């Protein structure tokens, strides 16, 4: 737009209103014309005092009941202790009496008991003596048998000694012959062993000579083979190191011309007058862009100006000649246009073709992504302010996409705007004269309802926020070419985004909408404006000979529970459609940079790696020859060792045979000797003596085992005698003096029963007291829940503005409004009376009387009103009062990024950059009680001047509800 008079982009809209309700003061607020914010302020309840009173009453009465219960239980415990002590004393007295009677009877029967004990002792001693005598007889018989055996052995050995003396000479001759046979066998063994050793040594010497001859011959062969392999490797290596020529293809990068945005646009008269620099004041010169808020720069925004002298610095570099020279990264700064050097395709009088629209969509998408990424990278504080409540502080945004999905949304938006004659100064909202179902938010909701439903189900228990907003600007061209439209749109977006980013007081609504990290797609629509629209005052269209367009940017996305990781995972899913601008963007990118292949030759000097590859085969051959040489030597050594092992085995076999021959000769000599001695009848006296002694020792060992058995039998017999006699004695004494132990045990068991009975009574009392306490607490909980529901219903129509509460009119009539339900708890008994009821009484053991049933302390009657409207669903109604929103400045610094409920209508009064569809989908909703701090008496007073303003605002609102814009602007 060239009309600089429409350049006031900070116009505001005022919504003033007051709702006359009991004790509630309302105030007015301004709306943000840059962004459609339908964010409701927090509400404050004035009826909270009822809840606090009931809560205090509950705490007091429950504490009184607990105290009374503790007293009853303490009294019962004391009664139990007293009863237990009395019963214990009585039981001990009875036991002492029994023991005394028993002792007296023992004294009376002392003589009879002594006589019985003496008789028992005499009987045990007599029977024990008899058992010992029997055992001794058995031992004496064993000893006599051993003496008889020993005498017989001595007699037999004496006879053998006498016979041996008679045959002494014959035995000497036999032994001499045996010794000669042993000597002959030893001599034969020595002769045979020497012969075997000589044979072995001779064979080993011969094998060693044979091995050395074969080894020398093999080494000579190996040396010749290695020499030949090394010579072949040297020849191949020399050839591999020679330089050579090869054909090649070189990559030549071709960089196309890309226009550079102007960062120092100078209008001499303006600079002279104000001395400004075209950097953003207030941000330390960090963003070198034009001060977009001044109307003197209006003509330069769109690259349309009377002559090239208006922009004197870097104009040529900032003037693209074709679409392929348009920048894609969207750095801050404007482009200029030169109709004489425009080589782009023409745009007919009927307007843009579908293909031309896709080219502009591709460029606009790239510029929106360029703005988001540049702000995140270089001006992070702006990005973080917008996303401070969304979980994306210092988290890079995901690039937006333009797909068949978003094209359908954009096309439907354009169709509806055209149908309902919406001009370029109005958003696609109901206040622009279209029905709700035709608004951009309704179109998006219909397109995303299945996706939103699936996400809500998938993230059950988490909050799924819907990010939806619309930006609007105007595109025109003095020359009907695609390039002129593109430059006009580029400069318009520069003002719409960078211009609003650096507003003196706040971030503008357009920039806020685009910087939201939750959005993932953008539907870019081009609505051709009618002559009637362009002719309106404030349309901003200066060249009406060519078609002009309202360009809509409808952004869509979801934020998963303000969790950046979950949100980005959903954004990267394949659920957003197929891109429809890749071909157009790739065409521009290829023109701006591509690589050509150029053929040629070059001399290559082989590298060490090349030489290594070329000689690898020969190196392997040399290694194989060396390995084979070593293998041949190893084979000779192995065969030589095998021959030596075989000779050694033969030598060992020969030695074993010599030893076997010697053993046979010795065995034969012993056999001849034994046969000759046997023929003479001679006995080996030493062996015979050992045989007799062994027989005697076996007899002694058997007798010792038998003696141990006899002793054990005797001891067992004596033990049984004592046991039987003592049992008779115990029976006699018990007959004379009966035992009192059973009676004592019975008394002790009775006392334990008394203790157990008291414990059971106390436990039952505690259980009853606990049940009474829980019942009273539950009554209070029911009462408090009813009050809570009433307060929640009341707060549903309230919003908080500054220090005041605004009560909005309900869209439907509140059912049962004013009806009061009285909830009264049972009347409390006198606490003193309750404490004295059912006193614990101490009675004689074993009976214990438990306390009377606990009387609960009931709460005092409390009357509360139940707001039945809280149970009703309030439906939207076109007659509802508009939602009061904050100013753009406040939104940028306080509530910017806050998502509103899905129930919030998207059709509240349109502001100039619409983002009303920030909705919330919750799978689980839990109402939590919040207890606000008590207001001070002074804070509840109403300032008289404020009341005057409220009265005026109320009068205006009761008459008509309307929205007034101070002026139109070109970015909406």
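Residue numbers (this note's numbering): 2 to 973.
All C-beta atoms in this analysis are idealised placements derived from N, C-alpha and C, irrespective of residue type, glycine included.
On a predicted model such as this, the values are computed, not experimentally measured, just so you know.
Proximity to residue 360 across 583, 78 and 61 peaks at 583, based on C-alpha coordinates. Judged by beta-carbon spacing, residue 180 lies beyond the 8 Å limit of residue 634, meaning their Cβ atoms are not closer than that value. Per DSSP, reduced to three states, the secondary structure at residue 345 is coil, with no helix or strand assignment.
At the C-beta level, residue 99 and residue 744 come within 8 Å of one another. A check of alpha carbon separations from residue 419 across 191, 434, 405 and 489 identifies 434 as the nearest. Apart from sequence neighbours up to five positions away, no residue of its chain approaches residue 61 with a beta-carbon distance below 7 Å. Each residue's CA atom was taken as its position, placing residue 526 and residue 409 some 10 Å apart. CA-to-CA, the gap between residue 417 and residue 502 works out to about 30 Å. Per DSSP, the unbroken beta strand (DSSP E) holding residue 596 starts and ends at 594-605.
For residue 528, the closest alpha carbon among the candidates 484, 476 and 556 is that of 476. Between residue 605 and residue 338 the beta-carbon gap is near 52 Å, outside 8 Å, which marks them as no contact. Taking C-beta atoms as the reference points, residue 474 and residue 497 count as a pair closer than 8 Å.
If you check the CB distance, residue 600 and residue 248 come in under 8 Å. Residue 523 is bridged by DSSP to 556. The Cβ atoms of residue 190 and residue 652 lie no closer than 8 Å to each other.
Note that the C-beta distance between residue 241 and residue 612 is below 8 Å. The Cβ-Cβ distance between residue 332 and residue 375 falls below 8 Å. Our two residues, residue 145 and residue 688, have alpha carbons roughly 27 Å apart in a direct line. A buried status is given to residue 336, since no fewer than 16 other beta-carbon atoms sit within 10 Å of its beta-carbon. DSSP lists 597 as the bridge partner or partners of residue 253. Take residue 581, set aside five residues on each side of it, and the residues of its chain with a beta-carbon closer than 7 Å to its own are 359, 403, 404, 405 and 408, in chain order. Per the Cβ contact rule, the region 68-83 is not in contact with the region 790-801 (fewer than 3 Cβ pairs under 8 Å). Between residue 593 and residue 259, the gap from beta carbon to beta carbon is short of 8 Å. Assigned with DSSP and collapsed to three states, residue 421 falls in coil, not helix or strand. Across the structure, residue 446 and residue 414 are spaced so that their CA atoms are roughly 13 Å apart.
The beta carbon of residue 364 sits closer than 7 Å to the beta carbons of 327 and 487 from its chain, once the five residues preceding and following it are set aside; these are given in chain order. Within the region 113-151, complete beta strand (DSSP E) segments of at least 3 residues are not found at all. Along the region 637-675, the beta strand (DSSP E) does not occur as any fully enclosed run of 3 or more residues. With a beta-carbon spacing of about 13 Å, residue 557 and residue 456 fall beyond the 8 Å limit used to define contacts.
Bridge pairing for residue 561: 465 [DSSP]. When DSSP states are grouped into helix, strand and coil, residue 688 belongs to the helix group.
With respect to the C-alpha of residue 713, the residue from 123, 135 and 91 having the closest C-alpha is 135. Between the alpha carbons of residue 730 and residue 121 lies a distance of about 7 Å.
Only buried fits residue 323, as 16 or more other CB atoms lie within 10 angstroms of its CB. Going by DSSP, residue 457 is part of the alpha helix (DSSP H) stretching over 441-459.
Less than 8 Å divides the Cβ of residue 597 from the Cβ of residue 255.
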